[in-house]
Amino acid sequence: MSSDARARLAAPAPLVLPRGGTLDFTRVRVMGVLNVTPDSFSDGGRYLDSEAAVARGLALVEAGADVLDVGGESTRPGSAPVAAAEQIRRIAPVIEKLAVRTAVPISIDTTSAEVARAALAAGGQIVNDISAFRFDSGMIPLLAESGVPAVAMHTLAPPSTMQDDPRYLDVVGQVIAHLLERVERCVAAGVVRSQIALDPGIGFGKTLAHNLALIRALPELVALGHAVLVGTSRKSFLGRITGRPVDEREMATAGSVAASIVLGAHIVRVHDVAGLRDAIAVADAIARGA
Ligand code: PMM
3 MSSDARARLA APAPLVLPRG GTLDFTRVRV MGVLNVTPDS FSDGGRYLDS
53 EAAVARGLAL VEAGADVLDV GGESTRPGSA PVAAAEQIRR IAPVIEKLAV
103 RTAVPISIDT TSAEVARAAL AAGGQIVNDI SAFRFDSGMI PLLAESGVPA
153 VAMHTLAPPS TMQDDPRYLD VVGQVIAHLL ERVERCVAAG VVRSQIALDP
203 GIGFGKTLAH NLALIRALPE LVALGHAVLV GTSRKSFLGR ITGRPVDERE
253 MATAGSVAAS IVLGAHIVRV HDVAGLRDAI AVADAIARGA
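The number in the working numbering is simply the position in the sequence shown, starting from 1, with 2 added.
Shown next as C-alpha cells:
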C-alpha cells in the first residue's frame, strides 16, 4: 500500500466535545447545514423563524446528521458582515432549543468570538470559522479557554472580495501552508492540536480550477493528521461544471461529496442530509470498508 493510502486510512484522533462524548472518525461524519439567514446562497430565508429552524435541525438529525452547523451570517461571495448582536439574535434561540432536543453536537458557523461565545453558552459545542480564526483576534483565546473543537477553514479574503480575481502560485501548497500556520498559532496559544479540524474552503477565493485542484489534493491535507472537513454542497463550481442552477445541484453535490470521501475527507458539510445519505454510505464503504 502506498504511504498516501495508509495516511488516508488512519483515522485522526476523535474531537472531544465539551458536554461529554466525542466525535470519532471510524466512519465519515455528516455535518448538516442550518443557515438562519435571509440571504445564504442556497437556503437563505427559509429558516429565519426560530421554530422553522429548529424543525429543520431536527429533520437533519432524523436524516442522519452527526453535527448541525448553525450560522447567522451568510458568507456567499460579495456578502457583507452581519453585526455580532444580530447573529446572536438569530442563532442563540435556535441553538438553545436544539441543544435540549437532540444530543447531536451543534457547531456555530461564525468568525466572531462574541457570537461563538454566546453560541457555546447556548449549548453549541464546536466552532466553525471560515477565516481560520483570523477575522477576530478574540477567537483563538476563546478556543484555548473553552477547549472546544474548532474548524479552521481557508479563505483568501473576506466574502465581500474573495471572488475578485483569486490568484495563487500554488493553490494546494499555499492553502496547506496557511492552515498549518493557523494550527501553530492556535497551539502556541494553548489550543490542543487534535481539536482543530482543517478545511480547504471550497469556493472561498477560488476559481473552478483551484477548487478541483484542492479536492484532488485532499490526501495531502489528510496526511497532516487532522480531521479534514470538506464543504462542496450546491456551490457555484458545481454549476460551472454542470450548467445547473443552485436548486438543481444535488446530483452534482453527490458526485463531489463521494469524491471527497474517497480522497479521505472525514466530515462532509451538506444541506440535504437525507438526499445524500446513500451516496455518502457507498463512498464511505469504498473508502473505509462497509
Ligand atoms: N461553506 C459555507 C459556509 N461555511 N464552513 C466550512 N467549514 N466549510 C465550508 O465549505 C463552508 C462553511 C458556505 O455555504 P452555505 O452558504 O451553504 O452555508
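A virtual CB, placed ideally from N, CA and C, is assigned to each residue, including glycine.
Endpoints, the alpha helix (DSSP H) within which residue i is located
i: residue 108; result: Unbroken run through residue 108 is the beta strand (DSSP E), 108-111; no alpha helix (DSSP H).
i: residue 55; result: 52-64
i: residue 92; result: 86-103
i: residue 131; result: Unbroken run through residue 131 is the beta strand (DSSP E), 128-131; no alpha helix (DSSP H).
i: residue 304; result: The question about residue 304 has no answer here: the residues shown for the chain are numbered 3 through 292.
i: residue 181; result: 173-190
i: residue 146; result: 141-148
i: residue 282; result: 275-290
i: residue 22; result: Looking at the DSSP string, residue 22 is not in any alpha helix (DSSP H), and its letter there is neither H nor E.
i: residue 257; result: 252-264
i: residue 242; result: 238-244
i: residue 31; result: It is not in any alpha helix (DSSP H) - residue 31 instead sits in the beta strand (DSSP E) that spans 31-37.
heavy atom of the ligand PMM below 7 Å from residue i C-beta
i: residue 34; result: no
i: residue 162; result: no
i: residue 213; result: no
i: residue 77; result: yes
i: residue 271; result: yes
C-beta contact flag for residue i and residue j at 8 Å
i: residue 284; j: residue 278; result: no
i: residue 340; j: residue 231; result: The first residue shown for the chain is 3 and the last is 292, placing residue 340 beyond what the model contains.
i: residue 217; j: residue 261; result: yes
i: residue 180; j: residue 199; result: no
i: residue 162; j: residue 225; result: no
i: residue 113; j: residue 133; result: yes
i: residue 63; j: residue 151; result: no
i: residue 263; j: residue 233; result: no
Cβ of residue i within 8 Å of any chain C Cβ
i: residue 85; result: Absent from the structure: chain C. Only one protein chain is present.
Cβ separation of residue i and residue j, assumed to be a contact under 8 Å, to the nearest whole Å
i: residue 73; j: residue 146; result: Incorrect: roughly 23 Å between the Cβ atoms, too far for contact.
i: residue 268; j: residue 14; result: 6 Å
Boundaries (first-last residue) of the beta strand (DSSP E) holding residue i
i: residue 272; result: 269-272
i: residue 12; result: Premise fails: residue 12 is in no beta strand (DSSP E) and is neither H nor E.
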